[in-house]
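In this note's numbering, the protein residues as written are 101 to 188.
What follows is one structure encoded as structure tokens, with my remarks underneath.
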Amino acid sequence: MLSTNHKANILRKAGYDVPACPMEPGAPGAYAASLPADTVHQTPQAWGKAIDTMYVSYAAARAAKSLRDAEEARMLAMLQLRSAKAYA
């Protein structure tokens, strides 16, 4: 199972706008003093839930794209087969 920080990194690399983590990466439970005012009040649990929700959405979108791509490939193969039979 992926950690929340790992999920956040995956989302960042995929181009998602990931909220800043409300705690320092090296110090569990310690709040970051240098974060913007709007993220300091956010609890680590709320941040984790937001990241998990975003990751589920990301994974579902990737799965849907994969299914669409597979269906497109199947239809293309079927059309090529029919076209080949028509010219045979």
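Just so it is clear, CB atoms sit at the ideal spot from N, CA and C, and this is done for glycine as well.
The structure presented is a predicted model; accordingly, all values stated were derived computationally and were not measured.
Rounded separation between residue 161 and residue 154 - CA only:
11 Å
Pick out whichever of 118, 167 and 166 has its Cα sitting closest to the Cα of residue 146.
It is 118.
Mind checking which residues open and close the alpha helix (DSSP H) that includes residue 153?
144 to 187
With a threshold of 7 Å on Cβ separation, who are the neighbours of residue 150 within its own chain once the five nearest residues in sequence on each side are excluded?
119
Work out the CA separation of residue 183 and residue 163 for me, nearest whole Å.
One Cα belongs to residue 163, the other to residue 183, and the distance between them is close to 30 Å.
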